[in-house]
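Note that the sequence shown covers residues 720 to 881 in the numbering used here. Beneath this line is the structure, given in structure tokens, with notes to follow.
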Amino acid sequence: MGTDSTDRLPDDLVPTLEHVLDLEIEVEEPIEIGETGNGQRRIIPIVDGTVSGRIEGTIIPAGADYQLFRVDRPTELVAKYAFETDDGSRVYVENRGIRAASPETKERLRDGEPVDSEEVYFQSTPRFETADPDLEWLTERIFVAAGIRRPKGVKLAVYAVE
720 MGTDSTDRLP DDLVPTLEHV LDLEIEVEEP IEIGETGNGQ RRIIPIVDGT VSGRIEGTII
780 PAGADYQLFR VDRPTELVAK YAFETDDGSR VYVENRGIRA ASPETKERLR DGEPVDSEEV
840 YFQSTPRFET ADPDLEWLTE RIFVAAGIRR PKGVKLAVYA VE
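Structure below.
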């Protein structure tokens with residue numbers, strides 16, 4: 720493609736974001752696997768939480784966040800968990816993301832200390848699976864999430880890319 724302005728997408732095709740969910744996720748203490756060839760591997764059990772927004776529900780205590788921590792690179796996050804809606808439907812979530820900060824801030828995060836959200840870049844791309852036809856829209860969109868890390872959990876604001 721050239722650089723001619725006629726090569727640009729029409730404005731109605733440029734993606735926008737629509738806020739759809741907030742997830743408040745509670746976690747337990749990390750299970751430290753240790754220093755591997757790729758970095759410090761840890762598993763953080765997901766034990767509770769709430770879902771609010773277009774869907775209301777609770778986090779099922781059966782998931783975990785599989786993290787790869789490195790001081791010199793962003794922390795890689797792969798969270799796998801599920802929630803149950805207030806009307807009984809279940810939704811599986813696989814959320815991949817990164818958390819980037821200065822080495823000093825990353826050490827404080829790893830040690831479970833409070834950190835100002837302004838010091839951390841925390842973004843992810845959740846994907847959803849469900850058997851409920853009323854929630855099929857969750858499987859038909861790309862989602863992005865902005866996160867805030869807390870000592871005992873995370874808060875995610877989830878947006879549909881429209």
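Here a beta-carbon is modelled for each residue, glycine too, at the ideal position from N, C-alpha and C.
Count the other CB atoms, across all protein chains shown, that sit within 10 Å of the CB of K825; report buried if there are 16 or more and exposed otherwise. buried
Give the secondary structure of R761 by DSSP, where H, G and I count as helix, E and B as strand, and everything else as coil. strand
Beta-carbon spacing of E743, G831 below 9 Å: no
Can you give me the Cβ contacts of D853 inside the same chain, cut-off strictly under 8 Å, excluding the 5 residues immediately before and after it? S808
For L728, three-class secondary structure by DSSP: coil
Excluding five sequence neighbours on each side, which residues of the same chain lie with their C-beta closer than 8 Å to the C-beta of K840? The question names Lys, but residue 840 in the sequence shown is Tyr. The residues are P793, I817, R818, A819 and A820.
State the Cα-Cα distance for the pair V810 and E859, rounded to the nearest angstrom. 14 Å
Is the beta carbon of V797 closer than 9 Å to that of R846? no
Do T777 and D784 count as a contact pair if the criterion is CB distance below 9 Å? no
When DSSP labels each residue in this structure, what does K799 get in the three-state scheme? strand
Bridge partners - V770, DSSP secondary structure assignment: L742 and G776
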